[in-house]
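J.: My questions will all concern the structure given below.
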Amino acid sequence: MMHCKPIFLTAFALAVLSGCGSSKMIATAPENIDKVPLKITPLKDADLMRWSHLDLIKDTVPGMSVDKAYKEIIKGKKGAKVIVGVIDSGVDIDHEDLKGVIWTNPKEIAGNGIDDDKNGYIDDIHGWNFLGDSGNETLEMTRIVKKGDVNSADYKKARTELEKKLQEAQGNKQQVDFIFKANQTVATHLKKTDYTLDEVKAITTTDPMLNQSKQVMMSVISQTGPDFNSELNEYKNQVYDQLNYNLNIEFDGRKVVGDNPDDINDKKYGNNTVYGPDKKDVVHGTHVAGIIAQVRGNNKGGDGVANNVQIQVVRAVPNGDEYDKDIALGIRYCVDNGAKVINGSFGKSFSPHKQWVYDAIKYAESKDVLIVHAAGNDGLDIDIAENENYPNDSTDGKTEIANNFLSVGALNVTYGSGMVAGFSNYGSNNVDVFAPGAKIYATVPNNKYKYEQGTSMASPNAAGVAALIRSHYPDLTAAQVKKILMDSGLPITTVVTLGENGEKRPFTNASKSGKIVNAYNAMIMAAQMSKKK
Numbered sequence: 005m006m007h008c009k010p011i012f013l014t015a016f017a018l019a020v021l022s023g024c025g026s027s028k029m030i031a032t033a034p035e036n037i038d039k040v041p042l043k044i045t046p047l048k049d050a051d052l053m054r055w056s057h058l059d060l061i062k063d064t065v066p067g068m069s070v071d072k073a074y075k076e077i078i079k080g081k082k083g084a085k086v087i088v089g090v091i092d093s094g095v096d097i098d099h100e101d102l103k104g105v106i107w108t109n110p111k112e113i114a115g116n117g118i119d120d121d122k123n124g125y126i127d128d129i130h131g132w133n134f135l136g137d138s139g140n141e142t143l144e145m146t147r148i149v150k151k152g153d154v155n156s157a158d159y160k161k162a163r164t165e166l167e168k169k170l171q172e173a174q175g176n177k178q179q180v181d182f183i184f185k186a187n188q189t190v191a192t193h194l195k196k197t198d199y200t201l202d203e204v205k206a207i208t209t210t211d212p213m214l215n216q217s218k219q220v221m222m223s224v225i226s227q228t229g230p231d232f233n234s235e236l237n238e239y240k241n242q243v244y245d246q247l248n249y250n251l252n253i254e255f256d257g258r259k260v261v262g263d264n265p266d267d268i269n270d271k272k273y274g275n276n277t278v279y280g281p282d283k284k285d286v287v288h289g290t291h292v293a294g295i296i297a298q299v300r301g302n303n304k305g306g307d308g309v310a311n312n313v314q315i316q317v318v319r320a321v322p323n324g325d326e327y328d329k330d331i332a333l334g335i336r337y338c339v340d341n342g343a344k345v346i347n348g349s350f351g352k353s354f355s356p357h358k359q360w361v362y363d364a365i366k367y368a369e370s371k372d373v374l375i376v377h378a379a380g381n382d383g384l385d386i387d388i389a390e391n392e393n394y395p396n397d398s399t400d401g402k403t404e405i406a407n408n409f410l411s412v413g414a415l416n417v418t419y420g421s422g423m424v425a426g427f428s429n430y431g432s433n434n435v436d437v438f439a440p441g442a443k444i445y446a447t448v449p450n451n452k453y454k455y456e457q458g459t460s461m462a463s464p465n466a467a468g469v470a471a472l473i474r475s476h477y478p479d480l481t482a483a484q485v486k487k488i489l490m491d492s493g494l495p496i497t498t499v500v501t502l503g504e505n506g507e508k509r510p511f512t513n514a515s516k517s518g519k520i521v522n523a524y525n526a527m528i529m530a531a532q533m534s535k536k537k
């Protein structure tokens, strides 16, 4: 890792922007951060849809000051095109807010059935689909138990975890079935499925079942809002998918792919349909791509962080755990086809072929490619060995194997003690920095938009800032960009609540940098670092 002296050590530190003559930009002052008043009134919808672009001092939400960077630094500057690899579930490349920013392979002739660029992938026009026609998958722990190698290091741990997850899923199934029965009872009584909370409250009855259903649905709608049917269906699908696919040792999702996932040299598999067999199933990848690159200022959906990027699509993340082989080959594909930033919004607790991924990370490092990765959504301190989240950049949890891997935790929209999203993993050594990851509004398939949350959303927010830096300061290395994202962020000493156990610690100790990604400060630091070269 590059060791550069931090710029922002004192209030109102000044940095002269390269190419700006004598004009100066003022970095956000650390001394002022902890004096920011708590936001009492809710954000307006127009602001909530793009809160991650707002400024902590000005807007009192822990955004990344993206708007400020565009207004005061980037305005009028063209920058170079940057290819960003999105290794995910796939992307709706025809979405109205994305189709203009999708990467097209200049060395490949579409539809001729020939590997024109001789990279091993036929007609890879917009990327590659390593999953082929596969969609649902088991978790890695399920695969380990299914193999039955009782003497392996991971078997006992995997079996214990699988039994725990199965018990939880069975309990969740009972709960979801109970709620759906209550929903049906109320819908039958009201003779409509799209009823409101007020209509439920107005029900008067002596029927004990209807009364119980009324109480259940009042509680559900109060928590989920008017779109409760959609939320319930999503929850039901998640629970049933766990039992039918993710935790089911009898299910084989890989059979349709046709390769041997335990052979890294078996590379001729998959296809060029980067949105997979059904476009509606690529919500996650489409959302991630939108956070990075959906068109700014077109009054459609939200705004992307980076305005000068091309999204290169690698489909390698199924509805279940990804295979190490697909991730390793996916990273190499992005590197070999010009990506300068790779976003990885995925992760798992077991990684039997982790060395393949470590080797791919090192390969990306050797080719000056930055990998930005989600820290995980288990609400755990991943500095503790038993909580390890893969992929990562350390074989011992302490020493980094490469200097091009950035791990990102997730922030809530509300500044203060609850600023870190409860689901977000954290760790003063193995999470590098935090970025907005709750209530993030972006593209989903079929020209639609949606709020999603997770470190899966925080990672592309940080990757978007990385792409901005690489666009405007292409002379900076991946290691320097990582250093900039960590060192230029906002340091906040407020004590925050972390994870599933509600641990209290200063925010500065929740990650290695102790900071929030800040695009404005990052561009200032990048300008000064570039000028020194």
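Residue numbering for the sequence shown follows my numbering, starting at 5 and increasing by one per position. All residues carry an ideal CB built from backbone N, CA and C; glycine is no exception. Remember, it's a predicted structure, so these values are computed and weren't measured experimentally.
Considering only the alpha carbon of each residue, which of Ala-191, Tyr-249 and Thr-497 lies closest to Leu-221?
T.: The residue labelled residue 221 in the question sits at position 217 within the sequence shown. According to the sequence shown, residue 221 is Met rather than Leu. When each option's Cα is compared against that of Met-221, the closest is Ala-191.
J.: Count the other C-beta atoms from every protein chain shown that fall within 10 angstroms of the C-beta of Ala-587, then say buried if there are 16 or more, exposed otherwise.
T.: Residue coverage of the chain in this structure runs from 5 to 537, which leaves residue 587 outside it and unanswerable.
J.: Counting along the chain, where does the alpha helix (DSSP H) carrying Phe-184 start and finish?
T.: By one-based count along the sequence shown, residue 184 stands at place 180. Looking at the DSSP string, the run of the alpha helix (DSSP H) that includes Phe-184 is 159-194.
J.: Answer with buried or exposed for Thr-142, where buried requires no fewer than 16 other C-beta atoms within 10 angstroms of its C-beta.
T.: For the purposes of this step, residue 142 is taken as the residue at position 138 of the sequence shown. So Thr-142 counts as buried.
J.: Only counting the same chain, and skipping five residues up and downstream in sequence, which positions put a Cβ closer than 6 Å to that of Val-567?
T.: In the structure as shown, the chain starts at 5 and stops at 537, and residue 567 therefore has no counterpart that could be examined.
J.: Roughly how many angstroms lie between the CA atoms of Val-70 and Glu-238, to the nearest whole one?
T.: Counted from its first residue, the sequence shown places residue 70 at position 66. Counted from its first residue, the sequence shown places residue 238 at position 234. C-alpha separation (whole angstroms): 32 Å.
J.: Can you tell me the Cβ-Cβ gap for Tyr-394 and Gly-351, rounded? I've got them flagged as a contact below 8 Å.
T.: One-based indexing of the sequence shown puts residue 394 at position 390. One-based indexing of the sequence shown puts residue 351 at position 347. So it is a contact: roughly 6 Å between Cβ atoms.
J.: Give me the DSSP bridge partner(s) of Gly-89.
T.: Numbered from 1 along the sequence shown, position 85 holds the residue referred to as residue 89. BP columns for Gly-89 point to Gln-316 and Ile-346.
J.: Whose C-beta lies closer than 8 Å to the C-beta of Asn-429 among residues of the same chain, with five residues either side of it excluded?
T.: For the purposes of this step, residue 429 is taken as residue 425 along the sequence shown, with counting starting at 1. Counting only Cβ-Cβ distances below 8 Å, and skipping sequence neighbours, we find Ala-379, Gly-380, Asn-381, Asp-382, Gly-383, Leu-384, Asp-385, Ile-386, Asn-391, Asn-393, Gly-413, Val-435, Thr-459 and Gly-503.
J.: Using the C-alpha atoms, what's the distance from Gly-67 back to Asn-416?
T.: Reading the sequence shown from its first residue, position 412 is the one you call residue 416. Reading the sequence shown from its first residue, position 63 is the one you call residue 67. Taking the straight line joining both Cα atoms gives about 9 Å.
J.: For Ser-411, list the residues DSSP reports as bridge partners.
T.: To locate residue 411, count along the sequence shown from 1; it is residue 407. According to DSSP, Ser-411 bridges with His-377.
J.: For Lys-402, which residues in the same chain have their Cβ closer than 7 Å to its Cβ, ignoring the five residues on either side in sequence?
T.: Taking the sequence shown and counting its residues from 1, the one referred to as residue 402 is at position 398. Asn-433.
J.: Is it buried or exposed, Ile-296, if we count other Cβ atoms within 10 angstroms and call 16 or more buried?
T.: Within the sequence shown, the letter at position 292 stands for residue 296. Result: buried.
J.: Buried or exposed: which applies to Ser-463, given that a residue is buried once 16 or more other Cβ atoms fall within 10 Å of its Cβ?
T.: The residue given as residue 463 occupies position 459 in the sequence shown. Burial call: buried.
J.: Determine the burial state of Ala-206: buried for a count of at least 16 other Cβ atoms within 10 Å of its Cβ, exposed for fewer.
T.: Residue 206 sits at position 202 when you count from the first residue of the sequence shown. Flag for Ala-206 reads exposed.
J.: Are Gly-334 and Ile-91 touching if we call contact CB-CB under 7 Å?
T.: The residue labelled residue 334 in the question sits at position 330 within the sequence shown. The residue labelled residue 91 in the question sits at position 87 within the sequence shown. In this structure, Ile-91 lies closer than 7 Å to Gly-334 by Cβ.
J.: Nearest-angstrom Cα distance between Lys-443 and Asp-120?
T.: To locate residue 443, count along the sequence shown from 1; it is residue 439. To locate residue 120, count along the sequence shown from 1; it is residue 116. The alpha-carbon atoms of Lys-443 and Asp-120 are separated by roughly 42 Å.
J.: Report the start-end ranges of each beta strand (DSSP E) in the segment 270-320 that is 3 residues or longer and not cut off at the edges.
T.: 313-319
J.: Nearest to Gln-2 by CA position, among Pro-440, Leu-236 and Leu-170, is which residue?
T.: The shown model of the chain, from 5 to 537, leaves out residue 2, and the question about it has no answer.
J.: Smallest Cα separation from Tyr-2: which of Asn-451, Val-261 and Tyr-524?
T.: With the chain covering 5 to 537 only, the question about residue 2 has no answer from this structure.
J.: If you draw a straight line from the C-alpha of Phe-134 to the C-alpha of Thr-200, how long is it?
T.: Within the sequence shown, the letter at position 130 stands for residue 134. Within the sequence shown, the letter at position 196 stands for residue 200. Cα to Cα, the separation comes out at about 44 Å.
J.: By Cβ distance below 8 Å, which residues in the same chain neighbour Met-533 in space, the five residues on each side in sequence not counted?
T.: Against the sequence shown, residue 533 aligns to sequence position 529. Counting only Cβ-Cβ distances below 8 Å, and skipping sequence neighbours, we find Cys-8, Tyr-477, Leu-480, Gln-484 and Ile-488.
J.: In angstroms with no decimal places, state the Cα-to-Cα distance between Lys-62 and Asp-49.
T.: Along the sequence shown, read from residue 1 onward, the residue named residue 62 stands at position 58. Along the sequence shown, read from residue 1 onward, the residue named residue 49 stands at position 45. Each residue's Cα considered, the two are about 17 Å apart.
J.: Looking only at its own chain, which residues have a Cβ that is under 7 Å from the Cβ of Asn-513, when we skip the five neighbours before and after it?
T.: Along the sequence shown, one-based indexing puts residue 513 at 509. For Asn-513, where only same-chain residues beyond five positions count, the Cβ hits under 7 Å are Ser-432.
J.: For Asn-233 and Lys-304, what's the separation of their Cα atoms in angstroms?
T.: Numbered from 1 along the sequence shown, position 229 holds the residue referred to as residue 233. Numbered from 1 along the sequence shown, position 300 holds the residue referred to as residue 304. Taking the straight line joining both Cα atoms gives about 25 Å.
J.: Specify the secondary structure class of Tyr-199 as computed by DSSP and reduced to three states.
T.: In the sequence shown, counting from the first residue as 1, residue 199 sits at position 195. If DSSP states are grouped into helix, strand and coil, Tyr-199 belongs with coil.
J.: Under 7 Å between the Cβ atoms of Val-149 and Leu-166?
T.: In the sequence shown, the residue the question calls residue 149 occupies position 145. In the sequence shown, the residue the question calls residue 166 occupies position 162. In this structure, Leu-166 lies closer than 7 Å to Val-149 by Cβ.
J.: How about Tyr-273 and Asp-263: are their beta carbons less than 7 Å apart?
T.: Translated into the one-based positions of the sequence shown, residue 273 becomes position 269. Translated into the one-based positions of the sequence shown, residue 263 becomes position 259. Closer than 7 Å, so yes.
J.: For Pro-46, which of Lys-39, Thr-64 and His-57 has the nearest alpha-carbon?
T.: Indexing the sequence shown from 1 puts residue 46 at position 42. Comparing Cα-Cα distances from Pro-46 to each of Lys-39, Thr-64 and His-57, the minimum goes to Thr-64.
J.: Using the rule of at least 16 other Cβ atoms within 10 Å of the residue's Cβ for burial, across every protein chain shown, is Phe-182 buried or exposed?
T.: If you number the sequence shown from 1, residue 182 lands on position 178. Exposed is the call here.
J.: Enumerated in chain order, which unbroken segments of the beta strand (DSSP E) with a length of 3 residues or greater are wholly contained in the segment 424-482?
T.: 437-440, 444-448 and 452-456
J.: Taking contact to mean at least 3 C-beta pairs separated by less than 8 Å, is the segment 97-106 in contact with the segment 274-290?
T.: Enough Cβ pairs lie closer than 8 Å, so yes.
J.: Quick one: measure Cβ to Cβ for Val-373 and Val-437, integer angstroms, because I've assumed they're closer than 8 Å.
T.: Looking up residue 373 in the sequence shown gives position 369. Looking up residue 437 in the sequence shown gives position 433. About 18 Å; that fails the 8 Å criterion.
J.: What does DSSP give as the partner residue(s) for Ser-398 in the beta ladder?
T.: For this step, residue 398 is matched to residue 394 along the sequence shown. DSSP output for Ser-398 lists Glu-404 as bridge partner(s).
J.: Which of the three DSSP states, helix, strand or coil, is assigned to Asn-133?
T.: Residue numbering aside, residue 133 sits at position 129 when the sequence shown is read from its first letter. DSSP places Asn-133 in strand when its eight states are reduced to three.
J.: Using a Cβ-Cβ cutoff of less than 6 Å, which residues in the same chain neighbour Met-74 once the five nearest sequence positions on both sides are dropped?
T.: As a first step, residue 74 must be located in the sequence shown, where it is residue number 70. With the sequence shown as reference, residue 74 is identified as Tyr, and Met is not the correct amino acid for it. The answer is none, since no qualifying residue turns up.
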